[in-house]
């Protein structure tokens, strides 16, 4: 079937604002995407959702005055696989909010979200990816408790949550049996991480902690007893002035292949500053303050294929020191 766009303009009764529902490119007779935007309370969106096709595949709700999402607004959307709720004032998601979304695979919520109730995701057994960017999350535990029943969960993002300052030791304990393999915490305000906070995640492969004010002690806590399955770590622009050897020691028994430490303040890399990383392929140290790297450090990276030290303007000696 040749893709084509078509548009439907819906107006909520007794409201001065209109809501645009835009079915995007049609993938099949039963694969439709809608964009609903406006400044409506949850009753208004209920009205809109009641008018949409039950076989909607992809739904984006933009805006909204509601601070709580409850009721059963999506109970007739058994075919929905992708749901976006963005630009809203949503703070709390109730247990009943996603009843009916039995095929939902990707959920993105961007607003003022602070917490979710414990059974929020029990109605979404197929969820694989959950994104919570640009919210006001403070405590992770309610979220991980709610995610515990999800046996298909692969990726969780908490990108750009400036109110998130701590990851406690047992925040991820509810996910000890989860298939979760990717966690994104870039541009939060995380200062403290409990020892072994990520050790509960037995198949974690990709961890993003960039642009958080983390010192070496808390980086070491993050990597303490980390799973051997870890193969990617991003530590760009964190609060270290020297190579965090104590933290990196925990990587020596992992499958780490890619390590990014861009835009940091350390000036030297002595021979003993990195532990052995027998699987390391790609190391990025760009946009930093590097002045020299001791050639001896390369003995700990026997499989290294790419070293990026670009935009270190003071770097004059790469192999050895005068």
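In mature numbering (1 follows the signal peptide of the UniProt record, and there is no 0), the protein residues as written are -21 to -1, 1 to 301.
We treat Cβ as the ideally placed atom computed from N, Cα and C, and that holds for glycine.
Under the 10 Å beta carbon count, residue 99 is surrounded by 16 or more other beta carbons and is classified as buried. A direct Cα-Cα distance of roughly 39 Å separates residue 78 from residue 233. Scanning 263, 201 and 224 for the CA closest to the CA of residue 240 turns up 263. Residues 47, 48, 49 and 96 of the same chain have their beta carbon placed closer than 7 Å to that of residue 73, with the five preceding and five following residues left out of the count. Residue 71 sits in a strand when the DSSP states are folded into three classes. Around the beta-carbon of residue 210, 16 or more other beta-carbon atoms lie within 10 Å, marking it buried. DSSP lists 263 as the bridge partner or partners of residue 287.
By the 16-neighbour rule on beta-carbons within 10 angstroms, residue 156 is exposed. Secondary structure note for residue 195: its alpha helix (DSSP H) is the uninterrupted segment 195 to 202. For residue 250, the CB contacts under 6 Å within the same chain, skipping 5 residues up- and downstream, are 273, 275 and 276 in chain order. For residue 83, there is no enclosing alpha helix (DSSP H), as DSSP gives it neither H nor E. The residues 134 and 185, in chain order, have a CB closer than 6 Å to that of residue 161 in the same chain once the five nearest residues on each side in sequence are set aside. In this structure residue 293 is in contact with residue 270, their Cβ atoms being roughly 5 Å apart against a cut-off of 8 Å. Between residue 174 and residue 148 a beta carbon distance of about 6 Å is seen, short of the 8 Å cut, so the two are scored as contacting. Linking residue 214 to residue 29 through their CA atoms gives a straight-line distance of about 45 Å. Every alpha helix (DSSP H) of 4 residues or more that sits fully in the segment 122 to 209 is shown, in chain order, as 195 to 202. Of the candidates 198, 236 and 235, 198 places its Cα closest to the Cα of residue 224.
The straight-line gap separating the alpha-carbon atoms of residue 33 and residue 139 is approximately 33 Å. Judged by DSSP secondary structure, residue 227 falls within the alpha helix (DSSP H) whose first and last residues are 224 to 227.
Residue 178 counts as buried, since no fewer than 16 other beta carbons sit within 10 angstroms of its beta carbon.
With respect to the C-alpha of residue 284, the residue from 163, 261 and 40 having the closest C-alpha is 261. With fewer than 16 other Cβ atoms inside 10 Å of its own Cβ, residue 207 counts as exposed.
Boundaries of the beta strand (DSSP E) harbouring residue 36: 35 to 41, taken from the DSSP string. By the neighbour-count criterion, in which a residue is buried when 16 or more other Cβ atoms sit within 10 angstroms of its Cβ, residue 281 is exposed. Excluding sequence positions up to five before and after residue 218, its CB lies within less than 6 Å of the CB of 192, 193 and 194, all in the same chain and listed in chain order.
The residue among 200, 212 and 150 with its C-alpha nearest the C-alpha of residue 183 is 212. Going by DSSP, residue 230 is part of no beta strand (DSSP E) at all; its letter is neither H nor E. For residue 226, the closest of 243, 254, 244 and 122 by C-alpha to C-alpha distance is 254.
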